[in-house]
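Chemist: Residue numbers (our numbering): 6 to 123. Think of the CB as a built atom: it goes at the ideal place given N, C-alpha and C, for glycine as much as any other residue. The structure displayed is predicted, hence computed values, not measured ones.
(1) Who are the Cβ neighbours of residue 57 in its own chain at under 6 Å, not counting the five residues just before and after it?
(2) Quick check on residue 109: buried or exposed, where buried means 16 or more other Cβ atoms within 10 Å of its Cβ?
(3) Is the beta carbon of residue 15 closer than 8 Å to that of residue 111?
(4) Is the number of C-beta pairs between the segment 23 to 34 and the segment 70 to 77 that are closer than 8 Å three or more?
(5) Under the three-state reduction of DSSP, which class applies to residue 110: helix, strand or coil?
(6) Inspect the CB distances between the segment 89 to 96 and the segment 27 to 38 and report whether three or more fall short of 8 Å.
(7) Can you round the beta-carbon distance between residue 30 and residue 47 to whole angstroms, since I take them to be within the 8 Å contact cut?
(8) Nearest by alpha-carbon distance to residue 77: which of 100, 39, 119 is it?
(9) Alpha carbons only, please: which of 119, 97, 122, 115 is nearest the one belonging to residue 53?
(10) Drop a sphere of 10 angstroms on the beta-carbon of residue 113, count the other beta-carbons inside from all chains shown, and report buried for 16 or more, exposed for fewer.
(11) Using beta-carbon positions only, say whether residue 84 and residue 18 come within less than 8 Å of one another.
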């Protein structure tokens, strides 16, 4: 299970995404915003990992859907934080694009596992 997860591109990118978001937030003055965005970014790779650990296909899909939702949450928060001047605009824009790509990768995994369940 751990080897399969370590080889999963979406999980690797999700981990890098969380690290990049957390680094971006180092200089963010708003503690509430910083905490919410860091939690949602951590949720992406964490839910991918939890889904892969589940034995039931339905459970796996459920956690993948949560991970995809967390990508969308991060995307929204990055755009809001950038417009509010809480985080650097160029970095936020780049990370928002990464969140979109991650969500698309996870959508592909969801599609794969749904077909496998059918």
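Modeler: In short:
(1) Counted from its first residue, the chain shown places residue 57 at position 52. Counting only Cβ-Cβ distances below 6 Å, and skipping sequence neighbours, we find 10.
(2) In the chain shown, counting from the first residue as 1, residue 109 sits at position 104. Its Cβ having fewer than 16 others within 10 Å, residue 109 is exposed.
(3) The residue you call residue 111 lines up with position 106 of the chain shown. The residue you call residue 15 lines up with position 10 of the chain shown. A contact, by the Cβ cut-off of 8 Å.
(4) Contact fails: fewer than three Cβ-Cβ distances are below 8 Å.
(5) Taking the chain shown and counting its residues from 1, the one referred to as residue 110 is at position 105. Helix, per DSSP.
(6) At 8 Å Cβ cutoff, the stretches touch.
(7) As a position in the chain shown, residue 30 is number 25, starting the count at 1. As a position in the chain shown, residue 47 is number 42, starting the count at 1. Not really, about 12 Å apart at Cβ, beyond 8 Å.
(8) In the chain shown, the residue the question calls residue 77 occupies position 72. Checked all of 100, 39, 119; the closest Cα to residue 77 is 100.
(9) Locating residue 53 in the chain shown gives position 48, where the first residue counts as 1. By alpha-carbon distance to residue 53, the top candidate from 119, 97, 122, 115 is 115.
(10) Looking up residue 113 in the chain shown gives position 108. Burial call: exposed.
(11) Numbered from its first residue, the chain shown carries residue 84 at position 79. Numbered from its first residue, the chain shown carries residue 18 at position 13. Their beta carbons are not under 8 Å apart, which means residue 84 does not touch residue 18 by this criterion.
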